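Residues 133 to 544 in this note's numbering are what the sequence shown spells out, letter by letter. Please read the structure below before turning to the comments.
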Amino acid sequence: MQLTSLTFLAFVLLLLPVHGLLPSRTRPLLLLLASLLFYAGAVPLHALLIVAMALTVYVGGCALHRQQSRALYVALILLCVGVLGYFKYWRLLCSMLDFTATGLGWQALHTATQRLQIEDVRIPLGISFFTFEFVHYLTDIRLQRLTSDRLDPAGAAPSPGRPSLRGARDFLLFTLFFPTLLAGPIKRFQSFGRSFTPTGEDLAAGLARVLLGLGKKVLLADSLASMALRLAQPDQTTPHGLWLAMYAYAGQIYLDFSGYSDVAIGLSRCLGYRIPENFNWPYSATSLPEFWRRWHISLSSWIRDYLFIPLGGSRQSPARVAINLLLVMAACGLWHGAAGHFVLWGLWHGLGLGACRLWRRFRPAPTAPSRLLRIWYGVLTFHFVCFGWVLFAAPSLQAALQAVARMFSRAH
């Protein structure tokens, strides 16, 4: 069920009045049932899988809260990442193994990878978002960022850290909350549990935000999509056409993604939940680190908190920090898609972030840049991001490199 479909509109128009009429204590159950219906509408078996994973993480988290166990924590993380890897990256892994076996002449490995290949595996909706939220939940319990009152703010469990029906319900709702199911933002359990009773002002502001998001998506992003498609056929497009396609895609992906985020944020407010902002005028950034503080904020903050900082953050040697930036941004690219051009897009940003750190480290004593210099920095940052979008949008690494080469050629 797409967030811009008439079916989704009818679903929301039926849900909102019922939600408003029910007493506050029963609204979470209504939202959980609605979210389960929303998710099961695609592939019912996938709904069973996600519910089973969520309950496993919830019970495991309760056990982890009672008794800190590194072995249990690692096992739960491996389970979550393993399920994601199976659905999203198994075919890529098998293809890489098969390519290696063929190149080295290892017939046994080639035969084994052929047998392990799985065709037409349907990826469960939102599984990447589920996985990130599960990892956040377990890690914050492990690091004691989730205290007893936050795990059970309403006193649902008779004893903190022990499974309860209400606690399981609240965690399932956190996992399956349908406004954020398809495109985020990535939620944090600490803030999501603090629901409120929406007022008339909340409903008005929330619906206005939904309309803004739909306008971004339907009226603007979809209008740019036909022009951006030229990046998929660089050999049939002029260099000027490819430049226009690059700018069009930069606009399309921002308007599309921020539009979905607006719909999710606005609808959540109508239902009594505040979820994090995801975009803050990213193309106005004057440096690449600033761009990532403004773009897909829930993802970039997740990468910072659960990948970059555990690897050592900024307190390592410059070489180690540069390697860590490459690793986490390559993982970011791989999260977006199981293909080489997504990884290269991540590495492109990793190199850019590393270069920015070196510049700050070795530049002369910093002074406040003039307005003209800030504009120049903004233009450079924007075009660095745009060339990254060519890698992201092209159907393959070969097509992306061909598009970039053709953009700087003299062919007409």
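Just so you know, even glycine gets a beta-carbon here, dropped at the ideal spot from N, CA and C. Every value quoted in this text rests on a predicted model; they were computed, and no experiment measured them.
Take the Cβ of residue i as the centre, count every other Cβ of all protein chains shown within 10 Å, and call the residue buried at 16 or more, exposed below.
i	result
histidine 481	buried
glutamine 134	exposed
tryptophan 508	exposed
serine 390	buried
valine 511	exposed
aspartate 367	exposed
alanine 117	For residue 117 there is no data in the structure shown, the boundaries of the chain being 133 and 544.
valine 150	exposed
serine 327	buried
phenylalanine 524	buried
tryptophan 424	buried
threonine 139	exposed
leucine 141	exposed
alanine 286	The pLDDT assigned to alanine 286 is 48, lower than 50, so where the model puts this residue is not dependable, and the model offers no usable value.
threonine 158	exposed
threonine 137	First, the residue type needs correcting, since residue 137 is serine and not threonine in the sequence shown. Label assigned to serine 137: exposed.
alanine 531	buried
proline 501	exposed
histidine 515	exposed
serine 528	exposed
Taking the alpha helix (DSSP H) that residue i belongs to, which residues open and close that run?
i	result
proline 421	420-426
asparagine 412	No alpha helix (DSSP H) holds asparagine 412; DSSP gives it neither H nor E.
valine 253	Per DSSP, valine 253 belongs to no alpha helix (DSSP H) and is neither H nor E.
valine 150	138-153
proline 371	371-402
glycine 338	332-346
glycine 486	472-494
glutamine 199	Here glutamine 199 belongs to no alpha helix (DSSP H), and DSSP marks it neither H nor E.
cysteine 306	Residue identity check: residue 306 is phenylalanine in the sequence provided, not cysteine. Looking at the DSSP string, the run of the alpha helix (DSSP H) that includes phenylalanine 306 is 297-308.
arginine 538	529-539
proline 160	159-172
Nearest by alpha-carbon distance to residue i: which of the options is it?
i	options	result
leucine 147	Leu138, Leu308 and Leu163	Leu163
phenylalanine 540	Leu403, Arg426 and His372	His372
glycine 469	Trp222, Ser137 and Leu483	Trp222
isoleucine 407	Ile318, Gly214, Leu420 and Pro330	Ile318
leucine 154	Ala526, Pro330 and Ser227	Pro330
phenylalanine 143	Phe303, Ser167, Thr418 and Ser296	Ser167
valine 517	Leu483, Leu225, Arg157 and Ala500	Leu483
isoleucine 385	Arg401, Met359, Ala396 and Gln365	Met359
alanine 300	Phe264, Ala377 and Ala184	Ala184
alanine 487	Ala396, Ala462 and Ala451	Ala451
leucine 403	Asp272, Phe324 and Arg254	Phe324
glutamine 322	Pro311, Thr307 and Pro442	Thr307
valine 170	Leu305, Arg202 and Glu265	The displayed chain sequence assigns phenylalanine, not valine, to residue 170. Comparing Cα-Cα distances from phenylalanine 170 to each of Leu305, Arg202 and Glu265, the minimum goes to Leu305.
leucine 297	Ile273, Tyr190, Ile397 and Ile259	Tyr190
arginine 202	Thr188, Ile255, Ile273 and Arg401	Ile273
serine 227	Leu165, Gln530, Ala471 and Ala207	Ala471
lysine 349	Phe494, His268 and Ser393	Ser393
Assuming the contact rule is C-beta atoms closer than 8 Å, residue i and residue j should be a hit. Round their C-beta distance to whole Å, please.
i	j	result
leucine 546	glycine 193	For residue 546 there is no data in the structure shown, the boundaries of the chain being 133 and 544.
Open item on the list: Measuring CB atoms only, is the stretch 449-464 touching the stretch 344-352, in the sense that at least three cross pairs come out at less than 8 Å?
Closed with: Here the stretch 449-464 does not lie against the stretch 344-352, with fewer than 3 beta-carbon pairs under 8 Å apart.
Open item on the list: Quick check: the stretch 401-419 against the stretch 438-452, are at least 3 beta-carbon pairs closer than 8 Å?
Closed with: Inter-segment contact for the stretch 438-452 and the stretch 401-419 is absent: fewer than three beta-carbon pairs are separated by less than 8 Å.
Open item on the list: Three Cβ pairs or more, each shorter than 8 Å: is that satisfied between the stretch 214-221 and the stretch 332-340?
Closed with: Result no; under three Cβ-Cβ pairs closer than 8 Å.
TODO: Check whether the stretch 384-399 touches the stretch 303-316, counting contact only when three or more Cβ pairs, one atom from each stretch, lie closer than 8 Å.
DONE: Because the criterion of three Cβ pairs below 8 Å is met, the stretch 384-399 and the stretch 303-316 touch.
Open item on the list: Does the contact criterion of 3 or more C-beta pairs under 8 Å hold for the stretch 425-432 versus the stretch 355-369?
Closed with: They do not touch, by the three-pair rule.
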